[in-house]
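Counting from -14, one number per residue, gives the positions in the sequence shown under my numbering.
Beta carbons: idealized from backbone N, C-alpha and C, even for Gly.
Each remark here refers to the structure printed beneath this line.
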Amino acid sequence: MSSKNIPFIEMPVEQLRHLDSNNFYFGKSVTNYMLEADFINGEWTNAVIKKYEPLQLEPSTAVLHYGQSIFEGIKAYKSATDQVVIFRPQENYKRFNTSAERMQMPTVPEWLFMDGMKQLVKIEQDWIPKGEDHSLYIRPFMIATDPFIGVRPSSLYKFMIILGPAGPYNTEPMKILIEKNYTRATPGGVGFAKNGGNYGASLYPVVLAQKKGYDQVLWTDALEHKYVEEVGMMNVMFVIDGKVITPSLERGTVLKGVTRDSAIVLLRDMGYNVEERNLSIEEIVTAHKSGKLEEVFGVGTAAVVSFVAKLADGDYVMDFDLSKSEVAPKLKKKLNDIRVGLEADEHGWLVKI
Ligand SMILES: *Cc1c(COP(=O)(O)O)cnc(C)c1O
């Protein structure tokens, strides 16, 4: 089915909670409604938009044991004129199904993911906070729901979308430690998929780095710990001698970020030379020693563009004077201006609701 109106079970008006723009906390505050659907006997069924409430799962449920779980992160914005837009959701839809295939989960049809998301965001549009760096975070996810303790692909799955208001995130410039012991992703592994286990595995090394006074780690390749890959849960970009360099996606160990792709397009529009290729720690340190390492920043939906103030390779610490940054602030402004309608959407990235 190409399009479908998903049934909407309304809550009694007196039970509805409302956005308090002065008091919400990213990741904790959720809206009134959620979308839910089940995969049973080879098809998606029971799709409904209903009250946000706890799930009932048997303790034997597959996802609780073997980690078949994938997710996406998308943002909706409200412009000064109250136009509601979602930023490039089609890219997340494609990536969600790529993740599903890798995790041996069913793909999700467009009517459920895209139309369902639009319908839900439309219902909850009063929850989109206005203003700079404010948005509604959209979290689609899928879990394996077979009540069966045994390692095999599940035959039952649940797809859901929940929403939460989001304000500025990571506003402080980051201090980053280059990680050479632990690995986020391996060739042949699941680094290109947004599956839950990748994030569970990343927590321990990040806490170790935090104990040393850093905020996040810069992941390096699993085989040699020689080439940089990502910074925390963001893609990473380096400005060396006026050129922007970002790790390529070839090995399947770098997540194909929508913000990364948008950044590459906009930076090229602005006239920058952008290279997608392997970038070694050695090249970074050499560039720093000769004064050519100008900027380092992370790009991702949650934080959009995050500035790096300090980058350490063991005892060799590189500090950045952010008042001299040019590329990252320009990119951040451009991306934000497109999202809230202050600048033309030349690439057709906004889906209007
Ligand atoms: C989600 C994510 C990103 C950023 O991707 P966007 O599509 O830009 O949000 C980068 N790296 C990892 C590991 C991620 O999970």
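Exercise. Can you tell me the Cα-Cα spacing of Pro132 and Ser233, whole angstroms?
Worked result: If I take the Cα positions, the gap works out to 40 Å.
For this session: Would you kindly report the start and end of the unbroken alpha helix (DSSP H) that includes Leu264?
Result: Per DSSP, Leu264 belongs to no alpha helix (DSSP H) and is neither H nor E.
For this session: Answer with buried or exposed for Glu57, where buried requires no fewer than 16 other C-beta atoms within 10 angstroms of its C-beta.
Result: With 16 or more Cβ atoms within 10 Å of its Cβ, Glu57 is classed as buried.
Exercise. Hey, how far is the Cα of Glu214 from the Cα of Ser310?
Worked result: So the alpha carbons of these two residues sit roughly 22 Å apart.
Exercise. Rounded to a whole number of angstroms, what is the C-alpha to C-alpha distance between His210 and Arg262?
Worked result: For His210 and Arg262, the distance between alpha carbons rounds to 16 Å.
Exercise. Expressed to the nearest angstrom, what Euclidean distance is found between the alpha-carbon atoms of Met127 and Gly182?
Worked result: In a straight line, the C-alpha of Met127 is about 13 Å away from that of Gly182.
Exercise. If you measure from the CB of Ala186, is any heavy atom of ligand 3 nearer than 8 Å?
Worked result: Ligands in the displayed structure: ligand 1; ligand 3 is not one of them.
For this session: Could you tell me if the beta carbon of Lys79 falls within a distance shorter than 8 Å of some heavy atom in ligand 1?
Result: Result no, Cβ not under 8 Å from ligand 1.
Exercise. Quick one: does the C-beta of Phe244 sit closer than 8 Å to a heavy atom of ligand 1?
Worked result: Note that residue 244 corresponds to Thr in the displayed sequence, not to Phe. Correct: Thr244 has its Cβ closer than 8 Å to ligand 1.
Exercise. Where does Gln201 sit, in a helix, a strand or coil, going by DSSP?
Worked result: Gln201: strand per DSSP, three-state reduction.
Problem set entry | Length of the line joining the Cα atoms of Glu117 and Asn321 | In this structure, the straight-line span from the alpha carbon of Glu117 to that of Asn321 is close to 8 Å.
Exercise. Buried or exposed: where does Arg253 fall if 16 or more other Cβ atoms within 10 Å of its Cβ makes it buried?
Worked result: Exposed is the label assigned to Arg253, since fewer than 16 other Cβ atoms lie within 10 Å of its Cβ.
For this session: Measure the beta-carbon distance from Gln53 to Ala129 and round it to whole angstroms, keeping in mind my assumption that it falls under 8 Å.
Result: Yes, Gln53 and Ala129 are in contact; Cβ-Cβ is about 4 Å, under 8 Å.
Exercise. Exposed or buried, Thr271, counting other C-beta atoms within 10 Å across all chains shown (16 or more means buried)?
Worked result: Counting Cβ neighbours within 10 Å, Thr271 comes out exposed, since fewer than 16 surround it.
Problem set entry | heavy atom of ligand 1 below 8 Å from Thr286 C-beta | Yes, the beta carbon of Thr286 sits closer than 8 Å to at least one heavy atom of ligand 1.
Exercise. Between the region 108 to 123 and the region 58 to 73, are three or more C-beta pairs nearer than 8 Å?
Worked result: Touching, yes, given that three or more Cβ pairs across the two stretches are closer than 8 Å.
For this session: Classify Gly283 as helix, strand or coil using the three-state DSSP reduction.
Result: The answer is strand: DSSP assigns Gly283 an E or B state.
Exercise. According to DSSP, is Phe72 helix, strand or coil?
Worked result: Phe72 sits in a strand when the DSSP states are folded into three classes.
Exercise. Using the beta-carbon count (16 or more within 10 Å), is Gln201 buried or exposed?
Worked result: Classification for Gln201: buried.
Exercise. CA-CA distance, Glu109 and Leu1?
Worked result: Straight-line spacing of the CA atoms in Glu109 and Leu1 works out to 11 Å.
Exercise. Can you list, in chain order, the stretches of the alpha helix (DSSP H) that have 4 or more residues and sit fully within the region 180 to 268?
Worked result: Counting only runs of 4 or more, we get 181 to 196 and 243 to 254.
Exercise. Got a sec, what are the start and stop residues for the alpha helix (DSSP H) Tyr51 sits in?
Worked result: Residues Val48 to Tyr51.
Problem set entry | Cβ shell of Ile146 (< 6 Å), same chain only, five flanking positions each side left out | Excluding five sequence positions before and after Ile146, the CB atoms of its chain that fall closer than 6 Å to its own CB belong to Leu20, Met102, Leu105 and Pro125, given in chain order.
Exercise. Expressed to the nearest angstrom, what Euclidean distance is found between the alpha-carbon atoms of Leu40 and Ala22?
Worked result: Cα to Cα, the separation comes out at about 12 Å.
For this session: Tell me, please, whether the region 27 to 45 touches the region 86 to 99 by the rule of three or more beta-carbon pairs shorter than 8 Å.
Result: The answer is yes - the region 86 to 99 touches the region 27 to 45, with three or more Cβ pairs under 8 Å.
Exercise. Looking only at its own chain, which residues have a Cβ that is under 8 Å from the Cβ of Gly152, when we skip the five neighbours before and after it?
Worked result: Taken in chain order, the residues that qualify are Phe9, Phe11, Pro114, Asp118 and His119.
For this session: Report back the beta-carbon spacing between Gly242 and Val284 to the nearest angstrom; my notes put them in contact at under 8 Å.
Result: Yes, Gly242 and Val284 are in contact; Cβ-Cβ is about 6 Å, under 8 Å.
Exercise. For Ser308, is the classification buried or exposed, using 16 other Cβ atoms within 10 angstroms of its Cβ as the cut-off for buried?
Worked result: Exposed.
Exercise. So who's on the other strand from Trp29, going by DSSP bridges?
Worked result: Answer is Phe24, bridged to Trp29.
Exercise. Would you say Met219 touches ligand 1, meaning its beta carbon is less than 8 Å from a heavy atom?
Worked result: Within the chosen limit of 8 Å, ligand 1 reaches the beta carbon of Met219 through at least one heavy atom.
Problem set entry | Cβ separation of Ile338 and Ile71, assumed to be a contact under 8 Å, to the nearest whole Å | Between Ile338 and Ile71, the beta carbon gap of about 7 Å places them in contact (Cβ cut-off 8 Å).
Problem set entry | Per-residue burial, Lys196 [other beta carbons within 10 Å of its own, 16 or more giving buried] | When all chains shown are included, Lys196 counts as exposed.
Exercise. Hey, how far is the Cα of Thr168 from the Cα of Ser291?
Worked result: Roughly 22 Å separates the two Cα atoms.
Exercise. Where do the ends of the alpha helix (DSSP H) carrying Ala65 lie?
Worked result: Premise fails: Ala65 is in no alpha helix (DSSP H) and is neither H nor E.
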